[in-house]
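Here is the structure we will look at, set down as structure tokens.
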Ligand code: NAD
């Protein structure tokens, strides 16, 4: 089990969880492709990896755009020869009660989380099949792949959907050495979550401290946030785990918020 020399493409890798996944896998010897909308921030991650002695490139990619996804994957394969690991992680959050949830926001959420996962899988898997060398696909799910919360109709729907996609890819890819799993974090203090705290406080009519204590961390065993390192170490483990013994699974990393 080693990531040494493996080419890993991480979407949404310019920030938060995706960035930490990229840094962690790079420390374990992987060659990184930082795929994100935010080109400037992606370049900074590349610089950080190169400074630490690793190898990386940035590709500007909107995961909802098929041409952009295909072009980004081709750029990566042209430069590094293949894709061995795909971490489909790019995501956003929009919270609102369903009666106020804009249809355009619903479509945007499903496009980033589900179209993005589908398009990147479709483009990357053929390189994993090529030469029969296989690979590892990891979808960034959430505790919301298993649980529901108020205000998150589109997010919960999308994150549940990733479980279905991973199971199909696990079945299709099994005989060709491609594994697919979902990592399901609890709340992690990234920009995505920092933005939600005041929004949820306003929508639920409670204080921001109450959102953290009584909404976000209420069901954990210890009242603690999950960290980017917790999630990245799990992703790196799955990325390097090189048999079909673990495939079609979801791994929940949430301080016991959800126990399966
Ligand atoms: P973040 O906001 O820190 O980072 C998200 C990254 O995705 C950004 O760099 C952004 O530019 C990029 N991105 C957004 N839309 C994109 C698009 N269309 N194409 C390409 N890149 C795009 O968020 P994060 O908290 O690190 O979230 C990463 C993933 O983890 C998301 O899928 C999120 O749902 C999931 N997640 C987060 C938490 C949490 O508590 N933070 C918990 C569970 C799951």
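Residue numbers (the numbering used here): 5 to 264.
Where is the CB? At the ideal position from N, CA and C, for every residue including glycine.
Counting C-beta pairs closer than 8 angstroms gives three or more between the region 94-105 and the region 198-215, which meets the contact rule. With a cutoff of 9 angstroms on beta-carbon distance, residue 22 and residue 94 are scored as near each other.
Inter-segment contact for the region 232-244 and the region 253-262 is present: three or more beta-carbon pairs are separated by less than 8 angstroms. Contact between residue 35 and residue 60 is confirmed by a C-beta separation of about 7 angstroms, below the 8 angstroms threshold. When the beta-carbon positions are compared, residue 120 and residue 92 come within less than 9 angstroms of each other.
As a beta-bridge residue in DSSP terms, residue 188 pairs with 256. Per DSSP, the continuous alpha helix (DSSP H) segment holding residue 113 begins and ends at 107-114. The beta carbon of residue 262 is closer than 7 angstroms to those of 147, 150, 151 and 256 in its chain, skipping five residues each way along the sequence.
Straight-line measurement puts the Cα of residue 243 at about 19 angstroms from the Cα of residue 123. When the alpha-carbon of residue 89 is set against those of 70, 133, 69 and 195, the nearest one is in 133.
Per the DSSP secondary-structure output, residue 63 pairs in a beta bridge with 39. Assigned with DSSP and collapsed to three states, residue 165 falls in helix. A distance below 9 angstroms separates the beta carbons of residue 62 and residue 47. For residue 139, the enclosing beta strand (DSSP E) begins and ends at 139-144. In this structure, residue 161 has its beta carbon at no less than 8 angstroms from each heavy atom of the ligand NAD. Rounded to the nearest whole angstrom, the C-alpha separation of residue 190 and residue 225 is 12 angstroms. Nearest to residue 166 by alpha-carbon distance, out of 44, 227, 143 and 28, is 143. Taking C-beta atoms under 8 angstroms as the contact rule, residue 114 and residue 158 qualify, at a distance of about 6 angstroms. With contacts defined by Cβ atoms closer than 9 angstroms, residue 14 and residue 38 form a contacting pair. With a cutoff of 8 angstroms, residue 122 does not count as near the ligand NAD, since its C-beta is closer than that to no heavy atom of the ligand. Leaving aside the five residues that flank residue 86 on each side, the residues in its chain whose CB is nearer than 6 angstroms to its CB run, in chain order, 11 and 131. With respect to the C-alpha of residue 178, the residue from 141, 187, 84 and 42 having the closest C-alpha is 141. Around the beta-carbon of residue 51, fewer than 16 other beta-carbon atoms lie within 10 Å, marking it exposed. Per the C-alpha coordinates, the member of 33, 26, 31 and 32 positioned closest to residue 49 is 26. Per DSSP, the continuous alpha helix (DSSP H) segment holding residue 239 begins and ends at 232-244.
Near the ligand NAD, residues with a Cβ at less than 6 angstroms from any of the ligand's heavy atoms are 15, 16, 18, 19, 20, 21, 22, 40, 41, 42, 65, 66, 67, 68, 93, 94, 95, 96, 116, 144, 146, 189, 191, 192, 194, 195, 196 and 197; the list follows chain order. Under DSSP, residue 89 takes part in a beta bridge, and its partners are 12 and 140.
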